[in-house]
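Report on the structure given below.
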Amino acid sequence: YAVNTLGAIAGSALAGLVLIPVLGLHASFRVAVIGNLLLATALFLGPPRPVRRRRQVAAALATAMAVGAWFLPPWSRDVLSSGVAVYAQQYQQYGWEQFRTRVVPKQILYYRDGPTASVTVHQESDNLFLRTNGKTDASTSFDMVTQLMSGHLPMLLHPTAKEVLVIGIGSGVTGGAITGYPMDRLDLVEIEPSIVEAARFFGAFNANVLDNPKAHVSIADGRNYLLLTPRRYDVIVSEPSNPWIGGLASLFTVEMFQRARDRLKPGGVMVQWIQAYSLQAEDLKMVIRTFASVFPATTIWAATPGDFLLVGCAEPRALDLRAVQDRLAANPAAQRLFGPTPGWPDVLSFFLLGPEDTARLVGDARLNTDDRLPLEFSAPRSLYVNTVEGNRTLITGAQGVRLPPLSGESQALLATPAARTALGLALARQAMIRPALAQFEEALTLQASYAPALEG
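Using my numbering, the first residue of the sequence shown is number 9, and each one after it goes up by one.
Following this line, the structure appears as structure tokens:
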């Protein structure tokens with residue numbers, strides 16, 4: 009029993025920490041198969057003596073299989089990185105020939121089997137995709153709004169932020185957006201070293217953040233980093249992958265958020281990404297209530313359709329629109345997200361729910377805690393369920409207050425028809441028609457003959 013236990017420990021350590029990172033997944037499997045077959049050969053040829061013919065035949069067969077295994081061709085990286093487990097419903101409509109011609113053609117720029125995941129970078133036309141075990145976790149197309157918003161939003165809400173922590177590097181676009189603002193230090197924490205290498209392929213989109221002297225990369229588990237670091241931050245951004253992936257529900261627990269809050273300076277801001285897709289409404293409310301139980305002043309903001317950003321503060325924080333405008337004017341890179349002439353209305357157009365509406369939305373939803381970790385078991389049940397529209401309706405339907413908490417000066421600014429009309433136009437650009445019309449009506453209430461509002 010002791011030898012067996014030691015062998016299991018040694019095998020796990022050797023495979024996870026040495027063989028897979030050095031040789032890759034396929035070669036590691038091949039080494040394991042050949043090792044077992046050669047061990048079988050040794051056992052067949054071992055005592056008792058003399059060796060019977062049938063044992064000799066079995067040993068020869070095991071040896072031949074070991075030699076054959078050595079010459080097996082490698083697996084198709086295209087198929088391995090296609091994410092068939094995640095995108096099964098989408099691929100079911102294809103036959104093999106369609107799968108081969110419609111899914112596989114993306115050019116693989118980078119592939120590595122790391123200690124925790126297989127990471128790839130694909131190119132299709134002008135778009136780059138970063139995939140973890142075949143699941144797209146970042147891209148230069150559909151995901152850009154979320155990636156950019158996760159970086160810009162906290163830096164605009166906290167205009168004096170100097171020290172920032174990002175948990176989960178991904179493509180590095182969020183970190184790159186943060187470096188566009190005056191700051192002193194950016195700590196990037198990533199559990200999988202292969203993702204750090206992959207992020208370099210996104211240099212043209214992430215402002216080459218990994219080469220920025222203010223950026224410091226740590227290969228570590230996000231929770232353990234928060235537990236052990238002595239640093240305190242003005243802003244923390246957490247961008248893990250989906251909670252239905254094994255083990256990741258622990259990054260959405262009360263205890264995780266409490267650790268983050270302990271690492272924030274007074275007045276600090278935390279941003280937490282959460283999905284709307286493949287997540288039942290009860291699980292979405294569980295994540296929001298868990299976050300809001302630690303950060304009472306929680307607001308919810310829009311991002312890429314299918315994503316939400318939770319913004320948490322320990323104490324209520326009033327938004328200063330003048331400061332937002334000044335920060336945008338000083339950061340030309342903000343144009344990539346907010347348009348050629350970015351302004352505070354463009355930022356407010358992403359706002360969805362304030363603290364009171366958020367609290368009313370989640371009610372007495374269940375908390376996700378380390379003790380029982382209910383999200384770990386409930387989230388995977390939604391993997392193949394289309395929940396985007398239902399969750400978006402859930403969030404927007406809870407909107408009672410159309411603006412986040414504002415400073416007194418900002419409230420005075422919005423008491424003008426021009427400001428209300430500008431906000432309405434920004435909302436219209438986001439295809440949020442009803443909120444846009446509400447702002448035009450507010451402008452006309454302030455001045456019934458205000459032409460821009462009537463035209464809007």
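Think of the CB as a built atom: it goes at the ideal place given N, C-alpha and C, for glycine as much as any other residue.
Limits of the beta strand (DSSP E) - the one that residue i falls within
i: W281; result: L272 to Q283
i: N376; result: First-last for N376: undefined, no H or E at that position.
i: D195; result: R193 to E198
i: L360; result: F359 to L361
i: L259; result: Element bounds for L259: n/a, residue is neither H nor E.
i: H130; result: S126 to E132
i: D334; result: Where D334 is concerned, there is no enclosing beta strand (DSSP E), although the alpha helix (DSSP H) it sits in stretches over L329 to A337.
i: V172; result: E171 to I175
i: S36; result: No beta strand (DSSP E) contains S36, which is instead part of the alpha helix (DSSP H) from L33 to L53.
i: N135; result: N135 to T140
i: L381; result: It is not in any beta strand (DSSP E) - L381 carries neither H nor E in the DSSP assignment.
i: F316; result: D315 to C321
Contact check, residue i vs residue j, beta carbons under 8 Å
i: G178; j: L138; result: yes
i: Q283; j: F299; result: no
i: R271; j: R231; result: no
i: V370; j: R297; result: yes
i: A257; j: N376; result: yes
i: V92; j: Y102; result: no
i: L414; j: L327; result: yes
i: L165; j: D195; result: no
i: A420; j: L287; result: no
i: V217; j: G180; result: yes
i: F52; j: A35; result: no
i: S390; j: D291; result: yes
i: S418; j: L329; result: yes
i: L454; j: P425; result: yes
i: S90; j: V111; result: yes
i: F213; j: T148; result: yes
i: A289; j: N399; result: yes
Extent of the continuous alpha helix (DSSP H) to which residue i belongs
i: T429; result: P425 to R437
i: K293; result: A289 to V302
i: D242; result: It is not in any alpha helix (DSSP H) - D242 instead sits in the beta strand (DSSP E) that spans Y241 to S246.
i: I308; result: I308 -> not in any alpha helix (DSSP H); beta strand (DSSP E) instead, spanning T307 to A310.
i: Y99; result: A96 to Y99
i: I116; result: No alpha helix (DSSP H) contains I116, which is instead part of the beta strand (DSSP E) from Q115 to D121.
i: I441; result: I441 to L454
i: H160; result: M152 to L165
i: G184; result: V181 to I186
Whole-Å CB distance - residue i paired with residue j, under 8 Å assumed
i: T261; j: D378; result: 5 Å
i: V153; j: A311; result: 5 Å
i: L345; j: H224; result: 25 Å between Cβ atoms; not a contact.
i: I227; j: P201; result: 5 Å
i: M157; j: F303; result: Incorrect: roughly 18 Å between the Cβ atoms, too far for contact.
i: I199; j: D229; result: 5 Å
i: L88; j: P251; result: In fact, because the Cβ distance is near 24 Å, the residues do not count as touching under 8 Å.
i: V204; j: G142; result: Between G142 and V204 the Cβ distance is about 19 Å, and since that is not below 8 Å, they are no contact.
Own chain residues within Cβ distance below 8 Å of residue i, not counting five before or after
i: K170; result: P190, M191, D192, R193 and D242
i: T429; result: Q447, F448, A451, Y458, P460, A461 and G464
i: R38; result: A77, W78 and L80
i: A146; result: F137, L138, Q155, G178, S179, V181 and F210
i: K222; result: T187, M191, D192, R193 and L194
Neighbourhood of residue i by C-beta, 6 Å cutoff - its chain only, sequence neighbours within 5 removed
i: M278; result: I244, A268 and G320
i: G432; result: A444, Q447, F448 and G464
i: V295; result: F260 and I282
i: T307; result: V319, G362 and P412
i: L49; result: In the sequence on display, residue 49 carries Thr and not Leu. Cβ neighbours of T49 beyond the five flanking positions: A67, A70 and T71.
i: A215; result: G184 and T187
Spatial neighbours of residue i in its chain, beta-carbon cut-off 7 Å, leaving aside the 5 residues before and after
i: G347; result: D354
i: Q407; result: L360, L361 and D365
i: E323; result: A305
i: A206; result: Y118, V127, V129 and L138
i: Y233; result: V197 and S226
Distance cut-off 7 Å: residue i Cβ against heavy atoms of the ligand ZN
i: E263; result: Annotation note on the ligand ZN: not contained in the displayed structure, which lists no ligands.
Cβ of residue i within 8 Å of any chain C Cβ
i: S126; result: The question asks about chain C, but that chain is absent: this structure has only one protein chain.
(message) Assess contact between the segment 41–54 and the segment 69–85, defined as three or more Cβ pairs (one per stretch) separated by less than 8 Å. Is contact present?
(response) Touching, yes, given that three or more Cβ pairs across the two stretches are closer than 8 Å.
(request) Flag this pair as touching only if the segment 22–30 and the segment 117–125 have three or more C-beta atom pairs under 8 Å; answer yes or no. (result) Taking a cut-off of 8 Å for Cβ pairs, the segment 22–30 and the segment 117–125 touch, as three or more such pairs fall below it.
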